[in-house]
Amino acid sequence: MAQSIASKQAAFLWEGTDSRGNRVRGKSVAATEVAVRAELRKQGVVPVRIRKQSTLFKGKGKVTAGDIALFSRQLATMLQAGIPLVQGFEIVGAGHDNPAMQKLILSIKQDLEGGTSLAECLAKHPLYFDDLYRNLVEVGEHSGSLDNLLDKVATYKEKTEAIKKKIKKALFYPAAVIVVAIIVTVILLIFVIPQFEALFKGFGADLPAFTRMVINLSKFMQEKGVFLLVLVIAGVVGYIQMSKRSRRLREWQDKLALKLPIVGDILTKAAIARFARTLSTMFSAGVPLVEALQSVAGATGNVIFERAVLDMKDEVATGQRLQRAMENTGLFPNMVIQMIAVGEESGSLDSMSAKVADFFEADVDNAVDAMSSLLEPLIMAILGVLVGGLVVAMYLPIFKMGAVV
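Counting in this note's numbering, the sequence shown runs from 673 upward without gaps.
Right under this line is the structure:
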């Protein structure tokens, strides 16, 4: 019911005068223009002009992890400024440009107005608010410190999103260059090489083996190129769908990724950073260690680390120290284990985990920059071999004729 009401809400742009006679303008979200006028009068604003905001060019959009991080920070700021929760949702929702996110916020606001707790409202949207998020909000509501807990959630979301962006940055650049190189090579094979082939037929001489090989490859691409493209797309889509459904495939994939040179080291550091950041956030919120590890497992972003953390949780539940449980996984560097051990002994596990997270987040950043610098000459060499090889293959017969003359 709440979602159907929220879906009828619309954004209205208004202009008016406040109690001092000053010209003011803003944006409100409501079901009708009449509701907007009533709300403005409650705030002491005399509306002069109200118009419904056009959504013609906005599209439906989708809610991203970045949207959730921004929403968390905005809501935390509102609560710390003393703004009531429902009004905070009204302000954040009205100010959001993403229609999908606006609809989500308004749906939660409607539930809140019906007397539902924030944690229960968020539980209706598990796709956007995971167990960790909901647990922290629930702790904040029970302890009366929702503003502080939302601030921790916002910081956590911002840090994890920053790590994700760094990983994407590390993988996107070489992948994009390789894709461009393949596209350029295919274009040369399909459209350029046949022109040279027609020229070579008038020579009446045998072509070099390398040139014949490139021409044969060109003929193959012309005859089977479309079929090959469909096969590649089907293979990629099929693999993605299988990886979503098969945990064993994801385990194999993540295990292989961790063993890759350079990239594997970055992914390992990123998983450790997420582990430490999540553990620090949960523990500082007063969540028991065993319960915290359950949420930490899903936040590592890697199936291998997730399984290891769940094993750690089982060991800690039986009385084992966290330090010893981490050692048994064989995934964590000695420095991390020792810092966690110090945190356990001194009762400052949250602050020590935060230090580990800070260190590895900075290390990931440095590693990404170093990898980019290392890959640039390597990628240029690959491009040179692919494109340069085709050029050399086409000019070899010309050089051969010149040598004969």
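Just so it is clear, CB atoms sit at the ideal spot from N, CA and C, and this is done for glycine as well.
Note that the structure is a prediction, hence the values are computed from the model and not measured.
Per DSSP, the bridge partner or partners of residue i
i, result
"residue 686", "698 and 722"
Which of helix, strand or coil DSSP assigns to residue i
i, result
"residue 1038", "helix"
"residue 800", "coil"
"residue 931", "helix"
"residue 814", "helix"
"residue 1080", "Nothing about residue 1080 can be read from this structure; the chain reaches only from 673 to 1077."
"residue 808", "helix"
"residue 878", "coil"
"residue 974", "coil"
"residue 966", "helix"
"residue 715", "coil"
"residue 863", "helix"
"residue 960", "coil"
"residue 839", "helix"
"residue 755", "coil"
"residue 913", "helix"
"residue 1010", "helix"
"residue 896", "helix"
"residue 993", "coil"
"residue 765", "helix"
"residue 890", "helix"
"residue 704", "coil"
"residue 734", "coil"
"residue 1004", "coil"
"residue 692", "coil"
Distance CB(residue i)-CB(residue j) smaller than 8 Å
i, j, result
"residue 753", "residue 823", "no"
"residue 951", "residue 980", "no"
"residue 832", "residue 946", "yes"
"residue 971", "residue 982", "no"
"residue 784", "residue 808", "no"
"residue 836", "residue 1040", "no"
"residue 804", "residue 967", "yes"
"residue 942", "residue 859", "no"
"residue 760", "residue 750", "yes"
"residue 811", "residue 716", "no"
"residue 1062", "residue 883", "no"
"residue 1025", "residue 955", "yes"
"residue 806", "residue 821", "no"
Buried/exposed call for residue i, threshold 16 Cβ in 10 Å
i, result
"residue 814", "exposed"
"residue 704", "exposed"
"residue 1048", "exposed"
"residue 765", "buried"
"residue 990", "exposed"
"residue 818", "buried"
"residue 739", "buried"
"residue 873", "exposed"
"residue 1043", "buried"
"residue 913", "exposed"
"residue 724", "exposed"
At a cut of 8 Å, does the stretch 858-868 reach the stretch 886-899 through at least three beta carbon pairs? yes
With contact counted as at least three CB pairs below 8 Å, one residue from each stretch, are the stretch 1014-1029 and the stretch 928-939 in contact? no
Would you check if there are 3 or more beta carbon pairs closer than 8 Å linking the stretch 1023-1039 to the stretch 997-1011? yes
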